[in-house]
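The structure appears right after this line, and notes come after that.
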Amino acid sequence: MKTLLKNGRILDPSQGLDIVGDLLIEDNQIAGYGAALAVSEPDEVYDLTGMWVAPGLVDMHTNLRQPGFEHRETIATGTQAAVAGGYTLVCCLPTTNPPLDSPSLVDYILDAAASPSAGGAFVAPVGALTVGMKGEQISDLSALKRAGIVAASDVGAPTQSARIMARAMDYCTQLDLPILAQCEDLTLSEAGAMNDGSVSAMLGLPGIPRSAEEVMVMRNCLLSLHTGCQLHVTGVSTWGAVEMIRQAKYLGAPVTCDVAPHHFALTEESVGEFDTRFKTNPPLRTQVDLDIVLQALHDGTIDCIAAHHAPYTGHEVEVPFGEAPFGVVGLESAVGATLTYLTHRDVLSPLETVRKLSTAPARVLRLEGGSLKRGETPVAQVTVIDPNHHWRFDTQFTFSRGKNSPWQGVDFKGKVVLTFCGSEIYRDAAFPPDRYSEGPVPA
Amino acid sequence: MTRHLLGIRSLDADSIGELLRLGGEFKRRVLDGRPFPALPTKTVGMLFFEDSTRTRVAFEQAAKYIGLNIVNFTTRGSSMSKGESLKDTILTLRYERLNALVMRHRQSGAPRLAARFFGGPVLNAGDGAHEHPAQALGDALTIIERKGRLEGLVVAIVGDVQHSRVARSNAWLLSKMGAEVRFVGPKTLLPSHMALLPGRVHYDLASGLDNADVVMCLRLQKERMFDGLVSSVAEYARLYQVTQQNLEWAAPDCLVMHPGPLNRGVELDDEAADGDRSLITNQIENGIFVRMAAFYWVFGHGWHDLERFDREEARA
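Protein chains in written order, with the working numbering: chain A, 308 to 750; chain B, -18 to 297.
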């Protein structure tokens, strides 16, 4: 089986590749690429003139909700949403019930992700840093690593004790396991519902101060510096957090970070009149934060863009703002938001865009992904993006069970139109049918 | 478009002015025993997720004067305490054919959510630290009765602004009507970012009261001390209590107000609370008349309906 992707702009940050040409997938492996590839008798041909051909996207921050919260998302619906959003590999966080703190749960996730009813994207489980996510006793991380976790995390229950975090870092250094940390001091953020700022003051909502995030980013960066543990700060939102990470990198700490699309495009003002679709953690901040975040994306201080996919059902978010859960869906809007707010505004070049969505997250977590090099990935993982496709995001047409999106009704420029993950092929309705043909190309 | 009274922030000066005129007129007619238009055949539900006897009584009195039927709900022992969502509670009340809803809730913005599902008018009787519009209307009517105007007055709002819906609604109303608002209190009880709130901050009582025409004290919740926001009641009282003595800093005819319930000896001393300048009892009474106006107004009526009523009365 030969699939020829013709005339696309091939972008592979893993080898600094940015050429217009053809890419051949043969028997679910990348067989080659080049400016004009001579291919005899391809079985199918996609004409990708004007489109990007990128390594399959990799997400570091997805809540798949199964087991425990299947009304919000399942591994099947979540991975369908992933491929529709261009992701061929998603890291699922331990925010399940029970939390992913035992090898049997890791087996369960991997089995469910490999089942034919799943969406076809690879799932890389992230283990709970502490037993039951209680922040007290470190999980059996060596057994979890053997079972297949790619990182340990405290997302959903940020580790408050500096002592526990320091020991977890020692432990993870020995195991060569990165820590994916949610940096939040709960004594400062407690009871808060949105950014502590002029909008929360106006609405009479309790605020989450920026210091709640920054204090913990600083602590975790220092612990990483002193233990040598690889730390990935997931979801930076304030200029102070960005500056702390910049400083930690300067000092040589093995620290990386990611940002969610809503944190490079939206501010606290989006909350408007108590709109729960804009209730996130960390909360949406201010224009000053946005400006520094954009600069840090541009200069590389922010390494990755993560979807921060946190699905909830309708009845869970149709409640007073203070009672609504934190989080929004993200897998199917991340590419649209990234191209619209970053690439088309010259914050990121096309190659850097792909790096932040694919190659960098794969590198940080040492995953088999983020590259078009033959043999770098178990099967061919390729995402095709039409950078100039105008569309309006509408949760009516998304695969995720969660419809809590801040992007509902927003116009995007740039869309995922094809996702190849081995034998699994997602073809979006936005891909023009006349650009596809079967059998040999007519001469 | 259904009219609601969700807050003062979303009202324009014309609407506020009309509500205040209606409130004043209803008061005169009630006190004089003169006729005024009623709203019979309508039923209003009193939905208090937070206990508040005084606010509930004020709304009930107003509803009775204006001819509304009242249905009371207790949230304890009802479906709401059995885990029913706010949305489902509101939908139930809608199809039990209630025409309007008076709602108190501990969460800011909850009445706005209720308004989305209810269909008829929703009147906010206090939501979290967001708004308490009827209180602000009653307070404004009280000031107007003494001062004849709001425009140009200097009003000092003293105390726990951060947690106060009364402070926010009053600030919006006063600033929209041309008064100058000051927020006075310790840094821990003032919002950390004031850019979108209409008033200047004074941490010090003397500068806050300087030449003020009206002083509005806010209630200090005792639990604030446990949050580390105030070190002790005594210290708060020493720094921010409005007394007969420190009212010397204010304008000579300065008025003193408090939304209640009053902690005597904390926010106000006895002399200031009971003195000639104190309007605390007037605030309570006027609260009823502005609520009559609010009911009349949310059902789509205005000043011109009152005039038409008078013409028809004269003809009859």
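Every residue gets a Cβ at the ideal spot worked out from N, C-alpha and C, and that includes glycine. These figures come from a predicted structure and were not determined experimentally.
Residue i classed as buried or exposed, judged by whether at least 16 other C-beta atoms fall within 10 angstroms
i, result
"S730 of chain A", "exposed"
"L558 of chain A", "exposed"
"Y76 of chain B", "exposed"
"A750 of chain A", "Caution applies to A750 of chain A, whose pLDDT of 48 falls short of 50 and renders its modelled position unreliable; the value that the coordinates give is listed next. Exposed is the call here."
"G607 of chain A", "exposed"
"G427 of chain A", "buried"
"D141 of chain B", "buried"
"R35 of chain B", "exposed"
"F7 of chain B", "buried"
"A421 of chain A", "exposed"
"Y743 of chain A", "exposed"
"G542 of chain A", "buried"
"R15 of chain B", "exposed"
"F704 of chain A", "exposed"
"V433 of chain A", "buried"
"L778 of chain A", "For residue 778 of chain A there is no data in the structure shown, the boundaries of chain A being 308 and 750."
"T22 of chain B", "exposed"
"G109 of chain B", "buried"
"V457 of chain A", "buried"
"Q688 of chain A", "buried"
"K313 of chain A", "buried"
"G315 of chain A", "buried"
Endpoints, the beta strand (DSSP E) within which residue i is located
i, result
"I486 of chain A", "486 to 488"
"Y353 of chain A", "351 to 354"
"D772 of chain A", "Nothing can be reported for residue 772 of chain A, as the shown portion of chain A is limited to 308 through 750."
"M394 of chain A", "Contrary to the premise, residue 394 of chain A reads as Tyr rather than Met in this sequence. Element bounds for Y394 of chain A: 394 to 399."
"V642 of chain A", "That residue, V642 of chain A, is in no beta strand (DSSP E); its alpha helix (DSSP H) goes 641 to 645."
"R85 of chain B", "81 to 86"
"Y743 of chain A", "743 to 745"
"T55 of chain B", "50 to 55"
"D653 of chain A", "From DSSP, D653 of chain A is part of no beta strand (DSSP E); its letter is neither H nor E."
"I71 of chain B", "Where I71 of chain B is concerned, there is no enclosing beta strand (DSSP E), although the alpha helix (DSSP H) it sits in stretches over 67 to 76."
"F429 of chain A", "429 to 435"
"T402 of chain A", "Here T402 of chain A belongs to no beta strand (DSSP E), and DSSP marks it neither H nor E."
"K313 of chain A", "309 to 319"
Within chain C, the residues that residue i reaches when beta carbons sit closer than 8 Å
i, result
"L512 of chain A", "Chain labels in this structure do not include chain C; the protein chains are A and B."
Boundaries of the alpha helix (DSSP H) in which residue i is found, first to last residue
i, result
"L220 of chain B", "214 to 221"
"Y184 of chain B", "Run containing Y184 of chain B: none; DSSP gives neither H nor E here."
"E229 of chain B", "Run containing E229 of chain B: none; DSSP gives neither H nor E here."
"S(-4) of chain B", "-6 to 13"
"R292 of chain B", "284 to 296"
"V626 of chain A", "That residue, V626 of chain A, is in no alpha helix (DSSP H); it is neither H nor E in DSSP."
"A389 of chain A", "382 to 391"
"A106 of chain B", "Note, A106 of chain B: premise wrong, no alpha helix (DSSP H); beta strand (DSSP E) at 103 to 108."
"S94 of chain B", "According to the sequence as given, residue 94 of chain B is Leu; it is not Ser. From DSSP, the alpha helix (DSSP H) with L94 of chain B extends over 91 to 99."
"N267 of chain B", "261 to 279"
"K663 of chain A", "Counting along the chain, K663 of chain A falls outside any alpha helix (DSSP H), and DSSP gives it neither H nor E."
"F29 of chain B", "Counting along the chain, F29 of chain B falls outside any alpha helix (DSSP H), though it belongs to the beta strand (DSSP E) covering 24 to 29."
"V413 of chain A", "410 to 421"
"T36 of chain B", "34 to 46"
"P568 of chain A", "568 to 572"
Cβ-Cβ separation, residue j to residue i (assumed contact under 8 Å), whole Å
i, j, result
"R584 of chain A", "P713 of chain A", "5 Å"
"P362 of chain A", "L655 of chain A", "Incorrect: roughly 16 Å between the Cβ atoms, too far for contact."
"K586 of chain A", "M509 of chain A", "Contact flag wrong, Cβ pair sits at about 16 Å."
"I332 of chain A", "I326 of chain A", "I332 of chain A to I326 of chain A, Cβ: 17 Å. No contact."
"A614 of chain A", "A572 of chain A", "Their Cβ separation, rounded to whole angstroms, is 13 Å, which puts A614 of chain A and A572 of chain A out of contact at 8 Å."
"E112 of chain B", "R146 of chain B", "5 Å"
"G629 of chain A", "F700 of chain A", "That pair is no contact at about 27 Å."
>> As an exercise, report each continuous beta strand (DSSP E) stretch of at least 3 residues that is fully enclosed by the region 444 to 525 of chain A, in chain order.
In response: 458 to 460, 486 to 488
> Per the contact definition of three or more C-beta pairs closer than 8 Å, is the region 516 to 536 of chain A in contact with the region 465 to 479 of chain A?
Replying inline: yes
>> Is it the case that the region 648 to 661 of chain A contacts the region 401 to 421 of chain A, given that we only count it when at least three CB pairs across the two stretches are under 8 Å?
In response: no
> At a cut of 8 Å, does the region 148 to 155 of chain B reach the region 81 to 98 of chain B through at least three beta carbon pairs?
Replying inline: no
> Would you say the region 216 to 230 of chain B touches the region 165 to 178 of chain B, given that touching needs at least three Cβ pairs under 8 Å?
Replying inline: yes
> Could you give the uninterrupted runs of the alpha helix (DSSP H) lying entirely in the region 671 to 735 of chain A, keeping only those of 4 residues or more?
Replying inline: none
> If you pair each beta-carbon of the region 610 to 620 of chain A with each one of the region 79 to 95 of chain B, do three or more pairs fall below 8 Å?
Replying inline: no
> Fully enclosed by the region 119 to 177 of chain B, which beta strand (DSSP E) runs are 3 residues long or longer?
Replying inline: 135 to 139, 161 to 165
>> If we require 4 or more residues per run, which alpha helix (DSSP H) segments fall completely within the region 586 to 629 of chain A?
In response: 594 to 606, 621 to 624
> Quick one: any contact between the region 665 to 673 of chain A and the region 718 to 734 of chain A, if contact means 3 or more CB pairs under 8 Å?
Replying inline: no
>> Between the region 112 to 128 of chain B and the region 265 to 274 of chain B, can you find at least three pairs of beta-carbon atoms closer than 8 Å?
In response: yes
> Is there contact here, the region 346 to 354 of chain A with the region 380 to 395 of chain A, by at least three beta-carbon pairs under 8 Å?
Replying inline: no
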